[in-house]
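Q: Residue numbers (my numbering), protein chains in the order written: chain A, 1 to 342; chain B, 1001 to 1342; chain C, 2001 to 2342; chain D, 3001 to 3342.
Please see the structure below; I have some questions.
There are 4 protein chains.
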Amino acid sequence: MRTLQPIAVVGVSGYTGFELAKLLLRHPAGPASTFFIRDTQGAHCLSELFPQLRGTGRAPVRQLSVENILASSAKTAFLATPHEVSAELAPQLLEAGVKVIDLSGAFRFRDAAVFQSWYKLPAPHATWLGSAVYGLPEFHADELAFAKLVANPGCYATSVILAVRPLVDAGILAPASQVIADCKSGATGAGKELRRDLHFSELDENLKAYNLFSHRHTPEIAEQTGVSESQLIFSTHLLPIARGILSTIYVTLVEPQSPEAIEALYRKTYASRPMVRIWKAGTLPEIRHVAHTNFADIGFTLDRSGQRLIVVSCLDNLGKGAAGQAVQNFNLLSQLEENTGL
Amino acid sequence: MRTLQPIAVVGVSGYTGFELAKLLLRHPAGPASTFFIRDTQGAHCLSELFPQLRGTGRAPVRQLSVENILASSAKTAFLATPHEVSAELAPQLLEAGVKVIDLSGAFRFRDAAVFQSWYKLPAPHATWLGSAVYGLPEFHADELAFAKLVANPGCYATSVILAVRPLVDAGILAPASQVIADCKSGATGAGKELRRDLHFSELDENLKAYNLFSHRHTPEIAEQTGVSESQLIFSTHLLPIARGILSTIYVTLVEPQSPEAIEALYRKTYASRPMVRIWKAGTLPEIRHVAHTNFADIGFTLDRSGQRLIVVSCLDNLGKGAAGQAVQNFNLLSQLEENTGL
Amino acid sequence: MRTLQPIAVVGVSGYTGFELAKLLLRHPAGPASTFFIRDTQGAHCLSELFPQLRGTGRAPVRQLSVENILASSAKTAFLATPHEVSAELAPQLLEAGVKVIDLSGAFRFRDAAVFQSWYKLPAPHATWLGSAVYGLPEFHADELAFAKLVANPGCYATSVILAVRPLVDAGILAPASQVIADCKSGATGAGKELRRDLHFSELDENLKAYNLFSHRHTPEIAEQTGVSESQLIFSTHLLPIARGILSTIYVTLVEPQSPEAIEALYRKTYASRPMVRIWKAGTLPEIRHVAHTNFADIGFTLDRSGQRLIVVSCLDNLGKGAAGQAVQNFNLLSQLEENTGL
Amino acid sequence: MRTLQPIAVVGVSGYTGFELAKLLLRHPAGPASTFFIRDTQGAHCLSELFPQLRGTGRAPVRQLSVENILASSAKTAFLATPHEVSAELAPQLLEAGVKVIDLSGAFRFRDAAVFQSWYKLPAPHATWLGSAVYGLPEFHADELAFAKLVANPGCYATSVILAVRPLVDAGILAPASQVIADCKSGATGAGKELRRDLHFSELDENLKAYNLFSHRHTPEIAEQTGVSESQLIFSTHLLPIARGILSTIYVTLVEPQSPEAIEALYRKTYASRPMVRIWKAGTLPEIRHVAHTNFADIGFTLDRSGQRLIVVSCLDNLGKGAAGQAVQNFNLLSQLEENTGL
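Following this line, the structure appears as structure tokens:
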């Protein structure tokens, strides 16, 4: 590999940032990383803050500030920061010539109004929204190769878009029929902040539905699949496991299809994409097949009528759903093999 | 209480039978129970087979045979036996004047062809199918008071029927629209028989969908709700927990409704039924609210259009989904308060 | 049963108080209970605060204050409150003639200095410490029948004392040998307060040791077994389960014993105590055998030398380890059968 | 890297073999691997048998036989086979000049009688037992560089030996005092074969002790630490998690030590060993710190007397406890960096 370009990883205190750190520490480009955190507690190295990282590589830590990031000569910055922090940091870094891969929701929408209405936060300037590339390599690889600002997708959104968009693009969904995505996620997807419903004794042996008709990934799914919000039902459940999303997606086809045709459609769509795996018609992926990987797995069952289709889409919310996908985007930005270090 | 009538509990080696034993041991009528099991291993008392039952009451064990059951003078028999065993045992007990509460699928359908086609087993004689009462007290309490043969419902089926039938009865479902029940169950619902996908290391931290478009509870739900099989999608998932079902049910209403109207409809339907609890509009039950109880809890969210409704229905698959419901049926048969001992 | 005496249950917001509420709601004396809580949020009834309690019985809620408790005419008060709150409340209630069953650590020690040194809190007055009866019915049933103040034992302590004290009383422990109790507990034992290590994603798939040589139940075990603190090693681990304690206890015997002799010793000790169950020599109880019950189960294995003994002691930390034991104590105070409602 | 030497991986149907396959597929030497399995079911490639391996690399599968292994030109063979299969296969491969890394217990003892008495199987010939190197790199790295037959240690044994042997070697254990290792393991350590106590509904929310005074890793720990079997108590528990071992080890020191001295002893012992990490005095490793890694983490707490020491030792039973350690041994055999691909 050529000389390593310096990388800034901003925000490692949450689960996504920490996963990103672990992935980069074993990535060929990783040794060039500097980690930025709001409160370094006097630490100079990530393993002082997280002893479980000892022995996994050099990981210098600095106080989070635009000045410090620029001082590190970073050519690319990963932002694993809250929406509002990303919204503020990204433009400053971009203006200084640093490419940004943002893992928050701040730059996922073209339309500022959509962001404001769903996130209840001021949107970044339209210039930036317009220039951001939605970081789903399976559909935006060409733009990603030249992107300066990448909006890394939401975990649920990735899982649903990968399953639904091939059907939309092929024009086989019954017009005006509902697309229902019943999604279930492990607890790391809900974050590291202490919360009553994430207290072990509350979630253990439990399952709960939440944010019905109101989850923030809804507009993202609608925009990226072309299914209108009024046609889309996206619902979410919290599973008593740490990692993984399984989405069960119900669609109606405009006319009967064979299982072979559906399988062929998915295979063709992802033929050159190493991170999406299609299961044989009638077999279904499970969370255990993708946990701790960067794969998104898709399977389906078609009923006898050939018009009712259930698609099952699985990924690891910290892998392909967040940090792994960010690294995949970084690989594309850096003209590396898409699956390098994944 | 009057003199206790002898009870036979047939089959205690599975999870359902064992739960039934535990419930009866603390039920006022319980001291009159005799337990029948295929292989007594020389035991005279249930706690010799299950040491964790010591100290919970008298529980004589006998070898399973029609003769032994009749010799016990049982007036009522619970059958927690496989479908084919129930299909054979029940008629013999009924002819001898013993009332039967069967927890298998053998007597749940009026139509023998439905049973045969979904269970791949010979159906019981039409006389018995015709006389069986479907043991869902919330809709069949009057018949249950005089029933001789009770077909205790399936666990998933109970969860879905309780949520959907009030909407059908009120005539508010959009005609020809799909009713989609995305159901998730704990592992005891899949039984005690050793199976690869129930091995701890396979199910731990996992979620899997299974039996899409082919689960045996489908015709039961269709028959009891009046939703045709072609309108109904019933799908099932295996959760990494021991007990509990959560069903997320998607329906389209023929015209806009208010949350208050939906809540009122459910409250009215179950006003006199102590085992179903309706959650306030916009709040949702979770598995932890019903695990280790006999309650079925129902909540819902209506979208802004007032026509897309998501109902969340929770119960304990061993409680209201099986053994608890069998006791509830027993209470009705015995003219006891419906929730006695539950 | 005679006319019900009013009961006050103080503190229901934690796991122990909530379990106590659930137990009392199905206890024959339960209908006489009033529940006191620091912030009633305007509720008049427990099920307004905890919807999962709907349908389980009448449960009036009042603002927590000495005046309100006295106004309820309570003859007995359960205190499921923090140590310092119990230390303050109990004397006031006792002086007004209300019997107190305290579930905190405030009254577990005769010696104020012990409490102060381990709990870092001012101890209650010596009068109260002197009059308190340690609420372990298996060893203090006679005193409990006449107690005015009951100090309900710690969960770990109950598990270890029940296993060790019969050996000490029989004089068969090797003098000066170490007694090592390696204890493992479910997460409800660590409380409901949000804490990093109790966040689902941190405890899931984890096991951690904590408070080695410094757990507060140490002096309680020492005092109640007669094993000196220098001879006792008591260590604790947090399990990724909600309920249950398993203690593995290592002792050296002064001379060789047979398994039969050890089993006989335990059986004799607990012959008239319904809540302790002894497992046959060579068989061992597991957490699943006691979860959701009030039983404490004891089993053991003796090595071939006959002098190295491992005792395994299991209970439910919310049952026999806390709320269930409090009800057991209440039964004794009230001249009811010891296992009433349990 | 130089030209890759062909590798044979024998037995991938269990959890250990499968983990080994996953590790080798991302190891630089991995592309030279051929996988041997008793029943290939017609598959030519591992991902046909395990779809979750698709996209992770080339993995040819062949029918397990000595002929096929030799035909593959393998220079090194990993045996993830049952004890009796390894005992038979290894000599044949060795005689043909293939180096063997055996993950079973067949070659872990110098003394055939020890193997026979604990495993109830005929022992391999003394020649082979005598030539086998115990594959714990932290204590046998020099021999491993030249080994022809490596006996990969047991998972529990690794965890205990790494914690105890430095204390023995330093001569600081009180003579004749007991060394008590209370060990807890996740379920993959108990294997993939279906078993009642590994059925999800039995192990979920449970903890059980097993094989007290009779676990097969006992003689291995005794031999490798120099603690006699009569001084050693090694007990094992099954945790409701998939991966990880935590051993809590109780020892008595011959004279008081400071925490600093203990920490220094461990640091010095493992100064040049990248896979063992020592935690600061008073801090303790947890299973989550080592799961899915090849690290063994050691921490401890010393009581105020300075003579009672509790050591906590954690590792992943499939990582450092089995497959990861096998790869570490392979690296040493192959003159690669010890942590290559780990």
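Where is the CB? At the ideal position from N, CA and C, for every residue including glycine.
Any chance you could list the beta strand (DSSP E) runs of at least 3 consecutive residues sitting entirely within the stretch 3255–3336 of chain D, in chain order?
A: 3276–3278, 3296–3302, 3308–3315
Q: Just how far apart, CA to CA, sit residue 303 (chain A) and residue 309 (chain A)?
A: 7 Å
Q: When burial is assigned at 16 or more other CB atoms within 10 Å of the CB, is residue 1327 (chain B) buried or exposed?
A: buried
Q: Judging by CA-CA distance, which residue of C:2198, C:2219, C:2071 is the nearest neighbour of residue 2113 (chain C)?
A: C:2219
Q: Kindly indicate which residue of D:3325, D:3214, D:3237 has the alpha-carbon position closest to the one of residue 3118 (chain D).
A: Nearest of D:3325, D:3214, D:3237 to residue 3118 (chain D), Cα basis: D:3214.
Q: Among A:305, A:273, A:130, A:287, whose alpha-carbon lies nearest the alpha-carbon of residue 137 (chain A)?
A: Answer by Cα proximity: A:273.
Q: Excluding the 5 residues flanking residue 158 (chain A) on each side, which residues of the same chain have their C-beta closer than 8 Å to its C-beta?
A: 136, 296, 315, 320, 321, 325
Q: Restricting to runs no shorter than 3 residues, where is the beta strand (DSSP E) found entirely within the stretch 1177–1205 of chain B?
A: If we require 3 residues or more, the beta strand (DSSP E) runs fully inside the stretch 1177–1205 of chain B come out as 1179–1185.
Q: In this structure, does DSSP put residue 3114 (chain D) in helix, strand or coil?
A: helix
Q: Output needed for residue 247 (chain A): all residues of its chain with C-beta closer than 6 Å, excluding positions within five of it in sequence on either side, in chain order.
A: Counting only Cβ-Cβ distances below 6 Å, and skipping sequence neighbours, we find 159, 160, 181, 183, 313.
Q: Taking the alpha carbon of residue 185 (chain A) as the reference point, which residue from B:1201, B:1059, B:1131, B:1208 has its own alpha carbon closest?
A: Restricting attention to B:1201, B:1059, B:1131, B:1208, the CA atom closest to the CA of residue 185 (chain A) is found in B:1208.
Q: Do residue 3149 (chain D) and residue 3080 (chain D) have their C-beta atoms within less than 8 Å of each other?
A: no
Q: How far does the beta strand (DSSP E) with residue 1004 (chain B) in it extend, from its first residue to its last?
A: That residue, residue 1004 (chain B), is in no beta strand (DSSP E); it is neither H nor E in DSSP.
Q: Can we say the stretch 2234–2245 of chain C touches the stretch 3269–3284 of chain D, given the rule of at least three CB pairs closer than 8 Å?
A: The stretch 2234–2245 of chain C vs the stretch 3269–3284 of chain D: no contact.
Q: Mind checking whether residue 174 (chain A) and residue 227 (chain A) have CB atoms under 8 Å apart?
A: no
Q: Please work out which residues of its chain come closer than 8 Å, Cβ to Cβ, to residue 280 (chain A), disregarding the five sequence neighbours upstream and downstream, and give them in chain order.
A: 263, 299
Q: Using three-state DSSP, classify residue 3215 (chain D) as helix, strand or coil.
A: coil
Q: Beta-carbon within less than 7 Å of residue 266 (chain A)'s beta-carbon, same chain only, minus the 5 sequence neighbours each way: which residues are those?
A: 166, 278, 298
Q: Name, please, each residue of chain A whose Cβ falls closer than 9 Å to the Cβ of residue 3051 (chain D).
A: 277, 279, 280, 283, 285, 289, 297
Q: Have a look at residue 1405 (chain B) and residue 1259 (chain B) and give me their C-alpha separation to the nearest angstrom.
A: It is not possible to answer for residue 1405 (chain B), since the shown part of chain B is limited to 1001 through 1342.
Q: Listed from N- to C-terminal order along the chain, which residues in the stretch 197–208 of chain A have their beta-carbon within a distance smaller than 9 Å of any beta-carbon of chain D?
A: 204, 205
Q: Which partner residues does residue 35 (chain A) have in the DSSP bridge list?
A: DSSP lists A:9, A:61 as the bridge partner or partners of residue 35 (chain A).
Q: Along chain A, which residues have their Cβ under 8 Å away from the Cβ of residue 2015 (chain C)?
A: 201
Q: Could you tell me which chain D residues have their CB closer than 7 Å to the CB of residue 55 (chain A), listed as they occur along the chain?
A: Chain D residues near residue 55 (chain A): 3274, 3277, 3295.
Q: Can you tell me whether residue 1078 (chain B) is helix, strand or coil according to DSSP?
A: Residue state, collapsed to three classes: strand.
Q: Taking only the alpha-carbon atoms, compute the straight-line gap between residue 987 (chain B) and residue 1306 (chain B) and give it to the nearest angstrom.
A: A question about residue 987 (chain B) goes unanswered here, because the residues of chain B that appear run from 1001 up to 1342.
Q: Compare the C-beta of residue 3337 (chain D) with all C-beta atoms of chain C and state if any pair is closer than 8 Å.
A: no
Q: For residue 1188 (chain B), which of D:3193, D:3151, D:3199, D:3188 has the nearest alpha-carbon?
A: Ranking D:3193, D:3151, D:3199, D:3188 by Cα distance to residue 1188 (chain B) puts D:3199 first.
Q: Name, please, each residue of chain D whose Cβ falls closer than 7 Å to the Cβ of residue 1037 (chain B).
A: Neighbours of residue 1037 (chain B) on chain D: none; closest Cβ ~17 Å, over 7 Å.
Q: According to DSSP, is residue 1230 (chain B) part of a helix, a strand, or is it coil?
A: coil
Q: Using the Cα positions of residue 2004 (chain C) and residue 2075 (chain C), report the straight-line distance between them to the nearest angstrom.
A: 10 Å
Q: Between residue 1195 (chain B) and chain A, is any beta-carbon pair separated by less than 8 Å?
A: no
Q: Roughly how many angstroms separate the alpha carbons of residue 971 (chain B) and residue 1133 (chain B), rounded to a whole number?
A: Summary: the structure shown does not reach residue 971 (chain B), with chain B confined to residues 1001 through 1342, and so no result is reported for it.
Q: Taking 8 Å as the threshold (beta carbon to beta carbon), is residue 3308 (chain D) in contact with chain C?
A: Interface residue, yes.
Q: Taking the CB atoms as reference points, tell me whether residue 3086 (chain D) and residue 3104 (chain D) lie closer together than 8 Å.
A: Taking 8 Å as the Cβ cut-off, residue 3086 (chain D) and residue 3104 (chain D) qualify as a contacting pair.
Q: Have a look at D:3201, D:3029, D:3251 and flag the residue whose alpha-carbon is nearest the alpha-carbon of residue 2289 (chain C).
A: Selected option, being the one with the closest Cα: D:3201.
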